[in-house]
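Participant: Final position of the sequence shown in UniProt numbering is 584; the numbers increase by one with none missing. We treat Cβ as the ideally placed atom computed from N, Cα and C, and that holds for glycine.
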Amino acid sequence: MYRSHNCGELRLDHVNTQVTLAGWVQRVRNKGGLIWVDLRDRYGLTQLIFEEGSTAKELLDKAGSLGREFVIQAKGTVIERTSKNDKIPTGSIEVKVADLEVLNPAKLPPFLIEDETDGGDDLRMKYRYLDLRRNVIRQKLQLRHRMMQETRKYMDAAQFIEVETPVLIKSTPEGARDFVVPSRVNPGEFYALPQSPQTFKQLLMVSGFDRYFQIVKCFRDEDLRADRQPEFTQIDCEMSFVTQEDVLSMFEGLTRHLFKEVKGVELEEVGRMTFADAMRFYGNDKPDLRFDMRFVELNDLAKGKGFGIFDQAELVVGICAKGAAEYTRKQLDALTEWVKRPQIGAKGMVYVKYNTDGSLKSTVDKFYGQEDLTAWADAFGAEPGDLMLILSGDTKVVRKQLSELRLKMGEDLSLRDRTVFKPLWVVDFPLLEWDEETERYHAMHHPFTSPKQEDIPLLDSNPGEVRANAYDLVINGVEIGGGSIRIHDRATQQLMFKHLGFSDEEAQKQFGFLMEAFEYGAPPHGGIAFGFDRLCAIFGGSDSIRDYIAFPKNNSGRDVMIDSPSTIADEQLQELSIQLALKK
Ligand code: ASP
């Protein structure tokens with residue numbers, strides 16, 4: 001038996017018990033005749049004591065020679081501490097050691113294995129197995145584990161069947177590049193890794209499974225960001241004989257269940273907003289509703305008064321920051337510089353201070369009198385003490401810029417509290433999205449999304465206006481999940497591919513199997529997928545999904561611990577019938 005107890009469980013009740021513990025040396029404090037060793041495992045920390053006089057000299061020397069992260073086994077008696085530590089659960093006792101065995105010595109770790117570490121990101125990732133020893137990191141993965149268990153519980157109770165779908169497949173168009181895997185037995189041919197199990201889950205509906213789910217790895221070859229990894233995990237679901245309403249209510253239920261069971265939070269009812277409103281009022285299809293600061297459009301009030309910049313703009317639009325009229329000139333200049341940075345790209349910013357004495361002061365006083373500014377203030381619902389920030393330009397562009405500014409103001413005014421959760425369903429997404437680069441329409445969600453019945457006639461005349469039965473779940477400005485009601489008949493699916501620029505042959509070659517399946521009795525169906533890593537990060541109060549993934553990749557898609565991706569041997573390439581011709 002390696003251990004009788006773990007390092008987190010001994011209490012005063014155990015005093016005088018003989019115990020055997022095993023774990024890692026967190027710290028050694030050597031006061032000459034008195035040595036304390038903090039022994040750590042996943043469950044906690046227990047203090048070991050070695051004392052001159054009552055401890056054999058040999059044992060004392062052995063204890064003195066222990067280094068950080070040595071793996072040891074200690075046998076001894078639990079005693080009450082004279083000076084107790086109320087910061088840890090085992091702080092009332094210590095173990096007086098009678099026998100000590102070094103199970104494995106350790107090299108000095110390259111960074112401190114403590115909650116606050118001195119290791120930088122790169123170093124921590126290279127030695128991720130040491131990083132994972134840190135409580136703060138392990139707790140994040142334990143949170144992930146809880147979320148997984150609770151997800152399975154909820155889905156199982158709601159009669160979803162967990163089915164694994166293949167990883168070596170062919171392309172699923174979810175809008176990113178595919179990762180591909182060469183086939184040795186089919187020279188010159190490649191599998192693609194799934195961007196999602198989309199077509200398979202739809203086929204399971206054709207098979208009559210009725211309710212499917214899977215906690216599944218997906219792969220997308222995209223540029224990386226803090227909330228993106230080339231491989232990530234989805235809670236992927238599909239249901240038959242459902243309307244959009246059925247799907248929303250089922251997954252609102254899952255979200256509520258997770259918040260309650262994992263965080264002890266009773267989530268408020270999930271509001272609804274159309275995509276069009278989200279863009280109009282927040283400039284963003286994933287608005288952060290922890291704070292208000294809705295956009296107010298000023299075209300009617302601001303145009304035609306001789307201010308050329310506003311007169312020429314397609315849209316004049318602003319936000320009102322409550323209580324921010326105290327911003328100093330310096331702060332306002334800095335804000336103007338901020339919106340002018342290339343990442344935001346605004347040409348300038350107009351501001352109006354609603355002073356506490358009731359007067360209004362703007363950067364465009366030359367063109368607008370107090371009366372004009374009062375009308376603006378009314379439109380904003382502004383009160384004395386508030387600050388109005390206004391941008392102008394092309395509608396799409398200026399909304400995006402103002403959305404960034406809104407988020408920054410929310411941050412600066414501490415309105416984005418990580419302990420507050422504001423969920424929202426964004427609905428009625430456009431079916432198609434114009435792509436400037438390729439000069440054609442793309443599916444905004446994916447090509448299997450069904451258009452709203454009443455909008456189908458617009459497909460030919462005004463494709464950009466067609467709305468889809470598609471929805472996203474947004475929490476605190478983060479897209480947590482998205483899905484849609486699907487097309488389930490061959491003719492509509494074919495029509496959709498046509499509008500996406502596929503020839504009949506291309507559509508048949510790539511998705512013939514799905515369209516054929518639709519001819520064998522496909523039930524109406526729909527579903528959703530949650531980004532599981534992001535959901536975990538939101539629950540943990542973090543912006544980065546990386547901490548919630550045991551072995552994540554860095555910004556260049558590398559795993560620096562195992563040093564991957566890497567070159568492969570010539571023999572391997574030969575076997576795969578691949579000849580490299582790398583461009584310099
Ligand atoms: N496959 C979709 C995605 O990964 C989700 C869905 O439509 O269910 O975004």
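Residue ranges of each beta strand (DSSP E) run of no fewer than 3 residues wholly in the stretch 250-293, ordered along the chain?
Facilitator: Counting only runs of 3 or more, we get 271-274.
Participant: Please name the residue, chosen from T567, V242, G188 and L254, that lies closest to M205 on a Cα-to-Cα basis.
Facilitator: When only C-alpha atoms are compared, the closest one is V242.
Participant: From the DSSP secondary-structure annotation, give me the bridge partner or partners of H442.
Facilitator: Paired residues: E433.
Participant: Enumerate, from N- to C-terminal direction, the unbroken alpha helix (DSSP H) stretches of 4 or more residues contained entirely within the stretch 465-545.
Facilitator: If we require 4 residues or more, the alpha helix (DSSP H) runs fully inside the stretch 465-545 come out as 490-499, 504-517 and 532-540.
Participant: Quick check on P451: does DSSP put it in helix, strand or coil?
Facilitator: Three-state result, P451: strand.
Participant: Would you tell me roughly how many angstroms separate the C-alpha atoms of W338 and L405, rounded to the nearest one?
Facilitator: Those two C-alpha atoms are separated by around 9 Å.
Participant: Taking Cβ to Cβ, would you say D285 is nearer than 9 Å to V426?
Facilitator: Yes, the Cβ-Cβ distance between D285 and V426 is below 9 Å.
Participant: Report yes if the C-beta of D221 is less than 8 Å from at least one heavy atom of the ligand ASP; otherwise report no.
Facilitator: Checking every heavy atom of the ligand ASP against the Cβ of D221, none is found closer than 8 Å.
Participant: Specify the secondary structure class of R177 as computed by DSSP and reduced to three states.
Facilitator: Strand, per DSSP.
Participant: How should K584 be labelled, buried or exposed, when 16 other C-beta atoms within 10 angstroms of its C-beta is the threshold for buried?
Facilitator: K584 is exposed by the Cβ-count criterion.
Participant: The beta strand (DSSP E) spanning M239 covers which residue range?
Facilitator: Residues E231 to S240.
Participant: Tell me whether E174 counts as near the ligand ASP, meaning its Cβ is closer than 8 Å to at least one heavy atom of that ligand.
Facilitator: It does: the Cβ of E174 is within 8 Å (strictly closer) of some heavy atom of the ligand ASP.
Participant: Under the three-state reduction of DSSP, which class applies to K57: helix, strand or coil?
Facilitator: Three-state result, K57: helix.
Participant: Out of S207, T363 and V296, which one is the CA nearest neighbour of A517?
Facilitator: The shortest Cα separation from A517 among S207, T363 and V296 belongs to S207.
Participant: May I ask you to report which of helix, strand or coil DSSP gives K140?
Facilitator: Correct three-state label for K140: helix.
Participant: For the stretch 113-140, list the alpha helix (DSSP H) runs that are entirely contained and at least 4 residues long, ordered along the chain.
Facilitator: Taking only runs of at least 4 residues, the alpha helix (DSSP H) segments lying wholly in the stretch 113-140 are 121-126 and 128-131.
Participant: Looking at the ligand ASP, does it come within less than 8 Å of D210, judged from the CB to the closest heavy atom?
Facilitator: No, the Cβ of D210 stays beyond 8 Å of every heavy atom of the ligand ASP.
Participant: Please work out which residues of its chain come closer than 6 Å, Cβ to Cβ, to R27, disregarding the five sequence neighbours upstream and downstream, and give them in chain order.
Facilitator: Hits under 6 Å: D38.
Participant: List in chain order: all unbroken beta strand (DSSP E) runs of 3+ residues lying wholly within the stretch 296-378.
Facilitator: Correct list: 315-321, 350-354 and 360-362.
Participant: With a threshold of 16 other CB atoms inside 10 Å of the CB of N355, please say whether the residue is buried or exposed.
Facilitator: That one is exposed.
Participant: How many Å lie between I88 and L45 at the Cα?
Facilitator: Taking the straight line from one Cα to the other gives about 8 Å.
Participant: On the DSSP bridge list, what partners appear for Y212?
Facilitator: Per DSSP, I161 and E238.
Participant: Have a look at E297, C320, F281 and E114 and flag the residue whose alpha-carbon is nearest the alpha-carbon of E314.
Facilitator: Here the closest residue by C-alpha is E297.
Participant: Looking at the unbroken beta strand (DSSP E) that takes in Q26, where does it start and where does it end?
Facilitator: Residues Q18 to N30.
Participant: Using the Cα positions of F179 and G369, report the straight-line distance between them to the nearest angstrom.
Facilitator: Their Cα atoms are separated by approximately 59 Å.
Participant: Could you check where the alpha helix (DSSP H) with F200 kicks off and where it finishes?
Facilitator: F200 -> alpha helix (DSSP H) spans Q198 to V206.
Participant: Looking only at C-alpha atoms, which of Y520, L424, P463 and A468 sits nearest to I475?
Facilitator: The shortest Cα separation from I475 among Y520, L424, P463 and A468 belongs to L424.
Participant: State yes or no: is the C-beta of D236 nearer than 8 Å to some heavy atom of the ligand ASP?
Facilitator: Flag set: Cβ of D236 near the ligand ASP.
Participant: In three-state DSSP terms, what is P105?
Facilitator: Coil.
Participant: Do the stretch 388-397 and the stretch 221-236 make contact, defined as three or more Cβ pairs closer than 8 Å?
Facilitator: The stretch 388-397 vs the stretch 221-236: no contact.
Participant: With 9 Å as the threshold, decide whether the Cβ of R341 is near any Cβ in chain E.
Facilitator: Looking for chain E here will not work: only one protein chain is present.
Participant: May I ask you to report which of helix, strand or coil DSSP gives L580?
Facilitator: Note: L580 maps to coil in three-state DSSP.
Participant: Ignore the nearest five residues each way along the sequence and tell me which others in E261's own chain have a CB closer than 6 Å to its CB.
Facilitator: Closer than 6 Å at the Cβ level, and outside the excluded window around E261, lie E150.
Participant: Just the C-alpha distance for D489 and F448, rounded to the nearest angstrom, thanks.
Facilitator: Going by the C-alpha atoms only, they are around 10 Å apart.
Participant: Note down, in chain order, each residue of its chain lying with its Cβ closer than 7 Å to the Cβ of residue 585, except the 5 sequence neighbours on either side.
Facilitator: Because the chain here runs from 1 to 584, residue 585 falls outside it and cannot be looked at.
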